Structures are given as structure tokens and as C-alpha cells.
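**Student:** One structure follows; several queries about it will come next.
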Amino acid sequence: MVLWLLLLPALCFAQPNTLPPEEKAAGFELIFSGNDLYGWDAPAGNWAAEQGALARVAPRGGITYTRFKIPDDFELRFEWNVAPGSNSGVYYRPGQYEYQVLDNQRHRDGRFPDRSAASLYYFAAPSRDATRPVGEWNTGRIVCQGTRIEHWLNEEKVIDLDYSDPKWKDAIGRLRERGADLEARGRYLHLQDHGDPVWYRSLRLRRLRR
Numbered sequence: 003m004v005l006w007l008l009l010l011p012a013l014c015f016a017q018p019n020t021l022p023p024e025e026k027a028a029g030f031e032l033i034f035s036g037n038d039l040y041g042w043d044a045p046a047g048n049w050a051a052e053q054g055a056l057a058r059v060a061p062r063g064g065i066t067y068t069r070f071k072i073p074d075d076f077e078l079r080f081e082w083n084v085a086p087g088s089n090s091g092v093y094y095r096p097g098q099y100e101y102q103v104l105d106n107q108r109h110r111d112g113r114f115p116d117r118s119a120a121s122l123y124y125f126a127a128p129s130r131d132a133t134r135p136v137g138e139w140n141t142g143r144i145v146c147q148g149t150r151i152e153h154w155l156n157e158e159k160v161i162d163l164d165y166s167d168p169k170w171k172d173a174i175g176r177l178r179e180r181g182a183d184l185e186a187r188g189r190y191l192h193l194q195d196h197g198d199p200v201w202y203r204s205l206r207l208r209r210l211r212r
């Protein structure tokens with residue numbers, strides 16, 4: 003058995019990759035079935051559907067959902083897990099616009115709050131470290147409406163900001179230096195390969211109305 007299979011975490015939540023009736027009624031769409039990579043593009047062939055998870059099985063690049071672009075105003079719900087010391091991320095708008103996925107205890111980025119798990123990478127730190135131990139699944143949620151951004155981790159809202167507030171001026175400058183424009187829209191959802199094993203499942207997306 004290859005090493006990445008040995009690292010694959012046990013599936014510990016009930017009925018992953020399903021769309022509960024209340025989420026369906028709210029407009030969510032399930033974008034990963036758990037069975038195959040329909041709608042996903044991994045040019046390097048280094049991602050696979052394994053044991054109900056979208057698994058990065060070799061370090062050769064990220065994977066992109068290509069059926070449609072992320073709406074301007076949206077909510078994304080997902081579950082994630084990492085191997086010890088792993089780093090990944092969910093890119094949902096153009097540029098360095100990332101929900102960080104990380105083993106906070108072992109990866110060096112965990113020492114920096116604005117690069118830790120559930121941060122808006124290099125921009126805003128989560129209110130606290132709400133991660134579960136490595137080997138357990140975490141739930142994530144991203145909510146964007148206009149200039150407001152929320153990041154959730156294990157049912158806790160750990161980021162809630164309006165980047166039009168002048169207090170974020172310096173952080174906006176730092177992010178712009180890394181190629182991100184907070185006003186930009188129209189990216190395909192992308193899951194990062196940072197060279198480490200990572201798993202995603204139960205990815206659900208809906209458009210929000212203003």
C-alpha cells in the first residue's frame with residue numbers, strides 16, 4: 003500500500019457528500035459526489051476520489067472546479083483534513099485570495115496568525131484556533147457578500163470583516179503586493195497543492211442574493 007493511502011484519515015462524519023434537504027431548499031449544489039472527479043480538472047493527474055474524499059495523491063499541482071465560476075456573492079461549505087505538517091488552501095477569488103488549510107501545530111505557518119488555519123491568508127487572522135486534531139475532519143465555510151467576508155471553522159465564525167473599513171488599509175496593501183485585488187471576482191474554485199497530503203469532501207456551494 004502506498005504511503006498516501008496509509009495517511010488517509012478515517013471518515014468520521016455521517017453521510018458525507020450528501021445534500022441535506024434544508025441545504026437543497028436553500029439553494030446549495032453538491033459539487034463533489036465522493037465517487038469521481040466529475041467537474042474537476044487536475045492537469046497533472048495527481049488528485050483522485052478515494053474513500054469518499056477528494057485526495058491529493060502526488061505533489062504536482064492543484065485541482066480546479068470548472069463547471070462554473072464562483073458567484074460574486076456566495077456561500078461555500080466543505081470538510082477538510084490534513085496529514086501531519088500539511089498545508090493547503092481554498093482559493094475562491096482571483097489572486098492570493100485564500101482560506102488557509104493547515105496543521106497549525108506542525109507547519110511553520112501556524113506560528114503566524116494571519117497564515118494559520120481558516121485565516122484569510124496574509125490578510126486577516128481567525129479569532130482563535132478552532133482546528134480539530136490532525137486525523138479528524140474539520141468543517142469549513144466561506145461567506146462573501148459585497149465587501150463582507152466570513153470564514154467559519156468547525157461551526158465557529160472566526161473571521162467576520164468588511165474590507166471597505168479603513169482599518170484594513172494596510173492589510174489590503176500587503177495582499178495587493180501578493181497579487182490579490184479584493185474587488186476582483188470571477189475565479190474558478192481551486193484547491194491548492196502545497197506539496198502535502200490533503201483531503202476534501204462534502205463541498206456545497208450556493209449563490210447569495212443581496
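For the sequence shown, the numbering used here begins at 3 and goes up steadily by one. Even for Gly, the Cβ is constructed at its ideal location relative to N, Cα and C. Note that this is a predicted model, so its numbers are computed, not measured.
Who are the near neighbours of L9 in its chain, counting only those whose CB is closer than 6 Å to its CB and skipping five residues on each side?
**Tutor:** At L9 the pLDDT is 45, less than 50, meaning the model places this residue with poor confidence; the figure from the coordinates comes in the next sentence. Excluding residues within five positions, the ones whose Cβ falls inside 6 Å are A85 and P199.
**Student:** So which of G91, T133 and N37 has the shortest CA-CA distance to Q107?
**Tutor:** If we check each option's Cα against that of Q107, T133 comes out closest.
**Student:** Let me check understanding here. Comparing Cα to Cα, which of D74, L39 and V103 lies closest to Q147?
**Tutor:** Minimum Cα distance to Q147 is reached at D74.
**Student:** Using 8 Å as the cut-off, can you tell me whether the stretch 187-203 makes contact with the stretch 85-101, which would need three or more C-beta pairs spanning the two stretches below that distance?
**Tutor:** Yes: at least three Cβ pairs fall under 8 Å.
**Student:** From D38, R206 and Y124, pick the residue whose C-alpha is nearest to that of D172; which is it?
**Tutor:** Checking every option, the nearest Cα to that of D172 belongs to Y124.
**Student:** Residue range of the beta strand (DSSP E) that R143 falls in?
**Tutor:** Segment N140 to Q147, the beta strand (DSSP E) holding R143.
**Student:** Which residues in the same chain as A182 place their Cβ atom closer than 6 Å to its Cβ, once the five residues preceding and following it in sequence are excluded?
**Tutor:** Excluding residues within five positions, the ones whose Cβ falls inside 6 Å are G97, Q98 and Y99.
**Student:** Quick one: give me the first and last residue of the beta strand (DSSP E) that A55 is part of.
**Tutor:** It spans A55 to R58 - the beta strand (DSSP E) in which A55 sits, taken as one unbroken run.
**Student:** Starting from R189 and walking both ways along the alpha helix (DSSP H), at which residues does that stretch end?
**Tutor:** Unbroken run through R189: none, as it is neither H nor E.
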